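Line order of the protein sequences matches chains A and B. Numbered according to the working numbering, the first sequence spans residues -12 to 100. Numbered according to the working numbering, the second sequence spans residues 6 to 119. A short write-up of the structure that comes next.
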Amino acid sequence: AQSVTQPDIHITVSEGASLELRCNYSYGATPYLFWYVQSPGQGLQLLLKYFSGDTLVQGIKGFEAEFKRSQSSFNLRKPSVHWSDAAEYFCAVIMDSNYQLIWGAGTKLIIKP
Amino acid sequence: KAGVTQTPRYLIKTRGQQVTLSCSPISGHRSVSWYQQTPGQGLQFLFEYFSETQRNKGNFPGRFSGRQFSNSRSEMNVSTLELGDSALYLCASSVAGTSNNEQFFGPGTRLTVL
C-alpha cells in the first residue's frame, strides 16, 4: 500500500545546530513530494516541493530537501535552526493520478535555547 | 490577496448534533479540499471539490458530506456527531487541484464534540 513515513515523532535540536527531518514513501514510481510546516495555532504552509529535475530543492525560510530515488526518501534539512523554527513538519506525497496528498504523521521540532 | 478563510474557528457541539463548517478559498482558486487532523491519525483527506463537483473522496463515513458553490466557497457538514469527530478541520484551496498546484491552507476549525 502507498504510504508516507516520518520515523521521528519528536526531534530536539539546539538553536544554531543543523537539522534533518526524515521522510520515506512507499511507491513504485516517482511521486510529487512536499514539505509543509504547521506552527502552533496556524494552518499549514508549504516549505518546498519536488516534481522533477534537480533533486536538491530549495524552499522558504532557509530549508532545503533532497530527493533520493534509490532510498525513496525526501529528507528536509536546514544548516542552522532558529527558535522560530519550532513547529510541526509534515511530509506529503502525491502518488497517483487522483492527485490526493498522502501525509506523513508529522515530526514535532523542539528547539533548545 | 486574501488567504483561505474558515469559519467558525472554534466550535463546541454535543453528540448527535450536526455541524456545518465553511471555507472561502483564495480568489481565483477553483479547487477546495478538506482534511481532518487529529493527534492520533494525523491528516486525513476527506474530499475535494472542483467546479462544484466532488472530484475525490477519502475513506470517511457518509455522515461527512460537503458541497461547493458557484463562487468556489465550500461547506462541510457532519451529521450525528460522535466524540471521535473532535478534530481540527482544515480546508485547502488550489488553482486547479492538479498535482503541481500548491495547496494553500486555512487556519482550520477546531471542533470539540462533548
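Each residue gets a CB set at the ideal place from its N, CA and C atoms; glycine is no exception. Because the structure is a prediction, the values reported are computed rather than measured.
- Residue 86 of chain A and residue 20 of chain A have their C-alpha atoms roughly 11 angstroms apart.
- One thing to note: residue 65 of chain A has its Cβ within 9 angstroms of the Cβ of residue 51 of chain A.
- Apart from the 5 residues on each side of it in sequence, residue 62 of chain B sits with its Cβ closer than 7 angstroms to the Cβ of 52 in its chain, given in chain order.
- The beta carbon of residue 75 of chain B sits closer than 7 angstroms to the beta carbons of 57 from its chain, once the five residues preceding and following it are set aside; these are given in chain order.
- Apart from the 5 residues on each side of it in sequence, residue 97 of chain A sits with its Cβ closer than 8 angstroms to the Cβ of -3, -2, -1, 0 and 73 in its chain, given in chain order.
- In the three-state reduction of the DSSP assignment, residue 68 of chain B falls in the coil class.
- Of the candidates B:49, B:23, B:54 and B:12, the residue whose Cα lies closest to the Cα of residue 79 of chain A is B:49.
- Residue 38 of chain B belongs to the set of residues whose beta carbon lies under 9 angstroms from a beta carbon in chain A.
- At a beta-carbon threshold of 9 angstroms, the residues of chain B lying near residue 77 of chain A are 47 and 48, ordered along the chain.
- For the C-beta of residue 92 of chain A, the chain B residues within less than 9 angstroms are, from N- to C-terminus, 46, 47 and 48.
- When secondary structure is reduced to three states using DSSP, residue 71 of chain A falls in the helix class.
- In this structure, DSSP gives residue 89 of chain B a helical state, which the three-state scheme calls helix.
- Residue contact check for residue 9 of chain B against chain A: a CB pair falls below 9 angstroms.
- Residues of chain A with a Cβ closer than 9 angstroms to the Cβ of residue 80 of chain B do not exist; the shortest Cβ-Cβ separation is about 18 angstroms.
- DSSP lists no beta-bridge partner residue for residue 60 of chain B.
- Residue 16 of chain B is bridged by DSSP to B:116.
- Interface criterion not met: the Cβ of residue 48 of chain A is under 9 angstroms from no Cβ in chain B.
- Using a CB distance below 8 angstroms, the part of the stretch 84 to 99 of chain B facing chain A consists of 95 and 97, ordered along the chain.
- Secondary structure of residue 49 of chain A (DSSP, three-state): helix.
- For residue 26 of chain A, the three-state secondary structure derived from DSSP is coil.
- Its chain contains 114 as the residues whose beta carbon lies nearer than 7 angstroms to that of residue 13 of chain B, once the 5 sequence neighbours on both sides are disregarded; these appear in chain order.
- The contact set of residue -11 of chain A on chain B, defined by CB atoms closer than 7 angstroms, is empty, because the minimum CB distance reaches about 12 angstroms.
- For a cut-off of 8 angstroms, the C-beta gap from residue 46 of chain A to residue 34 of chain A is around 4 angstroms, short enough to register as a contact.
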